Ligand SMILES: Cc1cc2nc3c(=O)[nH]c(=O)nc-3n(C[C@H](O)[C@H](O)[C@H](O)COP(=O)(O)O)c2cc1C
Ligand code: SF4
Ligand code: SF4
Ligand code: SF4
Ligand code: SF4
Ligand code: SF4
Ligand code: SF4
Ligand code: SF4
Ligand code: SF4
Ligand code: FES
Ligand code: FES
Ligand code: FES
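Chains as they are written, first to last, in my numbering: chain A, 3 to 174; chain B, 461 to 1044; chain C, 3 to 608.
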């Protein structure tokens, strides 16, 4: 990759950048301490943290890009790659694991034709594993965007994913 | 931590010791005659930062009171502490850490640039590792050979973080950071960009402390061999001041032993057609720079004038302070001056087609490799310097050519660009450039001859130094910084309007070029750098001529060719320009 | 109004005490219930009560976790305590109609005791609740976490008022030390002592930090405490701030807990608007405020030095100790780091006295401990019991044993840093010392029950996968070592291991434990080491390759329906319609798909 690609922010929505600027400018106190928070906000605005956005944040905060990238790549909730319309999170906490969450995960990966954390080709899904969302009573738990599915068996998955593929995610 | 001057008692392997509060377990061990192995630890004392991340776990010892293993490099002795450095747990802990590192390492020592100079390799021997019990996945990163100066092979990285400490804490360039986490963690650049796409200054300080070959200079030797063996080429070589007080270390001499003569002989044996001295270029730089300074003083600015002979520093200001680009002197570095004159003045004088000249520099420096690539540093499509070889690389070439360095006779530089003064010599150490320039500027400004030549107030090892020098009725305010972090401090003060200097010398490396990224490895022993610096001052002391403008060849070049300092021709050949670069 | 005197506090308490209406309907909006849409239930209840003009007599209370999460969504109707479980939206109308209007009961929504196979209408009569004792969870489920007045009605903020009026900072530290409260975040360090350490440091600024990172996968105590009773945490931190000399508090919470952050923010601003945070609390000279810091997905940030680095905005990498956070913490200043559960005990200790607290539990382990009970157990939920309760009581009585009458093989405590407790130790009282004696540790409170079907080698691999992914990567024992252990387990499970691998695991595990930089690495091998000790035969079966890895069909049960054959992804089942079916053990990848579809349960798991 070339330096120029990282410096060039022309593919980032200007309004969102302005919004981000605004948030950065309103930081009170130490800007470095606010880095993680700003990255959350940037990710919320843009959906993920492409390199040029990271460097943009770095520049705004007066930090080396390497440092910012070091932080982004440390935390699993930050994504450097675009995410699908639906984020499918399979809980791989212990309670869910002992109840077969790994099988559920594999099934979902198979159905969406993806690897973990890589957006599916149709742009619909990003499948990830998460650690305990605190709903262990319902293990195994899968969430798709904000919707939670409890007591999921591998055989339930086909139906759920098919619904999202068809676009009627709200049909139950 | 409060350090109170208080003695406390501890026991190392049951040997009772009295140590000062604030002593590390490592140092206590040394006092007891136990050399606890270390790997990530690096302490440059007054010259630089401490890498005290305690991450390699190779220095662990057992604290008998708690039964825990503790890293001796970064834990302090407490009163009544009982340390076992050789308990089963400690030894096994150390060995395991090392074995695990090695299980994730290419282990191709035979062909590795660090062979016999590698701390990891040495440690494996010291700890008597004869088998790696663990097998499994290894790191698999692309090797970055994008730059002309540095090769970065992350597969050999053991994540000691020394480079990160140097690049961030000492140099404040911030090109390197730990990336990712867990098994994938690596010392890398933002977004895994190739080094030549980053703001790297190529100061090489990461290289000089990397215990393995994860960071190493990019070797120019194959090209140089090719040139030497090409009968159509006229190969000219020049040697920087700091090389002659360091290269001996590669052949069993003590740090600071001066081997100028042997060095010249070795170069001739290697087949170089002409051997020039970069110190000549330094002398010329002094004269040009002093002229520029006087001009700037007379025409009210811009002041301060910053020296420009360190290419890492030039990169740094272009990237980090693009608004201050009018302050560095427009003088080329000594190597480029010698290069430019070799391909013009010398070519004409010797009757060689400049196109046939290959200019090779022997430098203590990694950044000079990339300096040679700067577009600004070429004339009519011909680069001032073609290849830059570091001190370490030259030592390897000498060995490769089976030359017995120790028995070589004392050779002499070729005349024309081979005469030097003590002034240009001390360019190799922090404060030297400005001291040399002051000697000349003083006489230029006052028109009087200097009494005492040494400006002791400019010498020393503190990161930032200042002095005021009486030059007639005008006081010359001089600043000195070595290491880029210190330079940043100075520049920020200038930006804020808090600092008022006429001239500032900046060197990127700790101690100046004697601590350059291409020098024989100091392995954390900074007394080596001090001895190299002392040797340069010694050469100056015993030099017949100690002022750059007294260099007869410098005078001759002006007479024959350049007319006068600051002339149009001098401007054209010996000066350069800078351009702002976006920082990554 | 600014509450700056005890009188004002009492006023609010009186105004909000007791059941305001005849009937109170507590709807759980803890995470687990919420994720089954209990917010919609709540809304529906409110609408119906309004429509039917019941609002004079009935109040709907939105609560935090009612603890019996496995039976959620849950509604408890007071005064009598009728508990309805697993409610769906369509049940709401019936409850309103029958319970609230006709005053009959909807028995089909009662919890059914799995052992007695009998319906139990009241929470107090359920085994799950009976053996519990609540200190930390005292208010959780009883109050509306969104209303500060509800908290004040339960004596909230009185401890703070007491402390500011009658205690010196030393007094507070002393009281806490005497109570015997120990850190609930895993390490079990005496809290009073820790506070003293910070108090004694001299500095222009000090900080008090709440560790709400709760990284143990399978634990949800802290989250429930914050969601259900946020003011208890706020009050406790103010007390801690006063005791240690900190005027600024921080709550570091994992970003995954978005739902918990909301009520917490609301609680902070409520406290501020009442002057319970801010300057000059209770007209004393003590200023105190709290800020929230949000993580970004890293288990290791639960480690206190890593947490502090993360608060600085950097990679959450631990560093070597000493210096301890109480010497050099946030911004290099003395900082106290405590766990959520540790904190919420504090106001109760102040209100009821150190002796009261230390009289609960066992010698050296005072008070209660909250566990998140999950896994192969009938009653899943939050369990708070006095220290000294046995595993048997928790798993078999409170938890009701494993479903389908399966045998319980082990209990995993302490998550990825912990180990397994087997049947032979089920009568061990759970306290710091007894656990230590059997080579286990308290951990933060995750408690996962494993039944006879669990493959311990597989579970160990699961934990190592976790630690290996969550390792910060700073030191080789953990960064490379856990990877190598993982690889060995992976080889074993793939039947490619050797007996030497077992020895290798043991040595490597031991050295990782001793040589790693932080608690993550130091404890990462625990799950492997403890299961190797307790279940050596399972490891050997893999190492000597005697383990069966393929599914097999019990021919006496197979009716030849062909269902299994049709789902097998690798086509390794042979058989004709109505004929016996056979699995080719060489090709079977043990995916279990056939097992799931077989109507006759004829397929035997390996
Ligand atoms: C890897 C690791 C993860 C930890 N995670 C948590 C956590 O999620 N919550 C917590 O309170 N303590 C956690 N701790 C313990 C903290 O380091 C610290 O000891 C604790 O917050 C102190 O609070 P306490 O004394 O109240 O228990 C963790 C420790 C380690 C080594
Ligand atoms: S870096 Fe050192 S250990 Fe590694 S291959 Fe090179 S010489 Fe060998
Ligand atoms: S040290 Fe051993 S492996 Fe290396 S070259 Fe010599 S014989 Fe070969
Ligand atoms: S050469 Fe200098 S600037 Fe470049 S990475 Fe190394 S230390 Fe940093
Ligand atoms: S590149 Fe070298 S100095 Fe840097 S972390 Fe890796 S091994 Fe250490
Ligand atoms: S100080 Fe000398 S060796 Fe170092 S980068 Fe500058 S010129 Fe090169
Ligand atoms: S033990 Fe693991 S998590 Fe802890 S510092 Fe080492 S690598 Fe990081
Ligand atoms: S377990 Fe899976 S692979 Fe094996 S026979 Fe059944 S369906 Fe086929
Ligand atoms: S599903 Fe069961 S009953 Fe049907 S063919 Fe397979 S083994 Fe036989
Ligand atoms: S383990 Fe899956 S929700 Fe807790
Ligand atoms: S040398 Fe001490 S931990 Fe690396
Ligand atoms: S979340 Fe509702 S009972 Fe726990």
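Glycine included, each C-beta is placed from N, C-alpha and C at the ideal position.
Keep in mind it's a predicted model, so treat the numbers as computed, not measured.
| Item | Value |
| --- | --- |
| Enumerate in chain order the residues of its own chain whose CB-to-CB distance from residue 653 of chain B is below 8 Å, with the five nearest sequence positions on each side excluded. | 1044 |
| Less than 7 Å separating the Cβ of residue 242 of chain C from some heavy atom of ligand 8? | no |
| Less than 7 Å separating the Cβ of residue 519 of chain C from some heavy atom of ligand 7? | yes |
| Span of the beta strand (DSSP E) holding residue 33 of chain A? | Run containing residue 33 of chain A: none; DSSP gives neither H nor E here. |
| Which runs of the beta strand (DSSP E) spanning at least 3 residues fall entirely within the stretch 899–933 of chain B, listed in chain order? | 924–931 |
| Identify each residue in the stretch 634–648 of chain B for which the Cβ-Cβ distance to at least one residue of chain A is less than 7 Å, and report them in chain order. | 634, 635, 636, 637, 638, 639, 640 and 641 |
| Between which two residues does the alpha helix (DSSP H) containing residue 388 of chain C stretch? | Taken as a continuous stretch (DSSP letters only), residue 388 of chain C belongs to no alpha helix (DSSP H), being part of the beta strand (DSSP E) at 383–388. |
| Can you give the Cα-Cα distance for residue 461 of chain B and residue 251 of chain C, rounded to whole angstroms? | Legend: pLDDT at residue 461 of chain B = 47, less than 50; position of this residue unreliable, value from coordinates given subsequently. If you take the alpha carbons of residue 461 of chain B and residue 251 of chain C, they lie about 23 Å apart. |
| Could you tell me the boundaries of the alpha helix (DSSP H) in which residue 60 of chain A lies? | 53–63 |
| Does the beta carbon of residue 588 of chain B sit closer than 8 Å to a beta carbon anywhere in chain C? | no |
| Assuming residue 732 of chain B contacts residue 697 of chain B under a Cβ cut-off of 8 Å, what Cβ separation, rounded to an integer in Å, is found between them? | 4 Å |
| Pull out every residue of the stretch 367–394 of chain C whose Cβ sits closer than 7 Å to any Cβ of chain A, in chain order. | 374, 376, 377, 378, 382 and 383 |
| Just tell me which of C:92, C:121 and C:215 has its CA closest to the CA of residue 262 of chain C. | C:215 |
| Quick check on the burial criterion: 16 or more other C-beta atoms within 10 angstroms. Buried or exposed for residue 5 of chain C? | buried |
| How far does the beta strand (DSSP E) with residue 77 of chain A in it extend, from its first residue to its last? | No beta strand (DSSP E) contains residue 77 of chain A, which DSSP labels as neither H nor E. |
| Taking 8 Å as the threshold (beta carbon to beta carbon), is residue 789 of chain B in contact with chain C? | no |
| Shortest alpha-carbon distance to residue 824 of chain B belongs to which of B:765, B:682 and B:993? | B:993 |
| Counting only beta-carbon separations shorter than 8 Å, does residue 552 of chain B have a partner in chain C? | yes |
| Relative to ligand 4, is the shortest distance from any of its heavy atoms to the C-beta of residue 296 of chain C smaller than 7 Å? | no |
| Taking all protein chains shown into account, do 16 or more other C-beta atoms lie within 10 angstroms of the C-beta of residue 476 of chain C, making it buried, or fewer, making it exposed? | buried |
| Report the residues of the stretch 125–156 of chain A with a CB closer than 8 Å to any CB of chain C, ordered along the chain. | 132, 133, 134, 135, 136, 137, 138, 139, 140, 141, 143, 145, 150, 152, 155 and 156 |
| Going by other Cβ atoms of all chains shown within 10 Å of its Cβ, with 16 needed for buried, is residue 609 of chain B buried or exposed? | buried |
| Quick check on DSSP: helix, strand or coil for residue 694 of chain B? | strand |
| Just list the residues that DSSP pairs residue 638 of chain B with in beta bridges. | B:647 |
| Are the C-beta of residue 535 of chain B and some C-beta of chain C separated by less than 8 Å? | yes |
| In or out: residue 83 of chain A buried (at least 16 other Cβ within 10 Å) or exposed? | exposed |
| What residues in its chain sit with their C-beta under 8 Å from that of residue 996 of chain B, if we drop five residues either side in the sequence? | 701, 702, 705, 885, 886, 888, 889, 892 and 974 |
| Exposed or buried, residue 260 of chain C, counting other C-beta atoms within 10 Å across all chains shown (16 or more means buried)? | exposed |
| Starting from residue 489 of chain B, trace the alpha helix (DSSP H) both ways and give me its first and last residue. | 485–491 |
| Within 7 Å: the Cβ of residue 575 of chain B and any heavy atom of ligand 2? | yes |
| With respect to the beta strand (DSSP E) encompassing residue 26 of chain C, which residues constitute its N-terminal and C-terminal limits? | 25–30 |
| Output the distance between the C-alpha atoms of residue 102 of chain C and residue 123 of chain C, rounded to the nearest integer angstrom. | 16 Å |
| Report the residues of the stretch 650–664 of chain B with a CB closer than 7 Å to any CB of chain A, ordered along the chain. | 650, 651, 653 and 657 |
| What does residue 473 of chain C touch in chain B if you count any residue whose Cβ is under 8 Å from its own? | 641, 642 and 643 |
| Tell me which same chain residues have a C-beta within less than 6 Å of the C-beta of residue 739 of chain B, skipping the five on either side of it? | 701, 880, 884 and 885 |
| Which residues of chain A have a Cβ atom closer than 8 Å to the Cβ of residue 863 of chain B, listed in chain order? | In chain order: nothing, as chain A lies at least about 42 Å away. |
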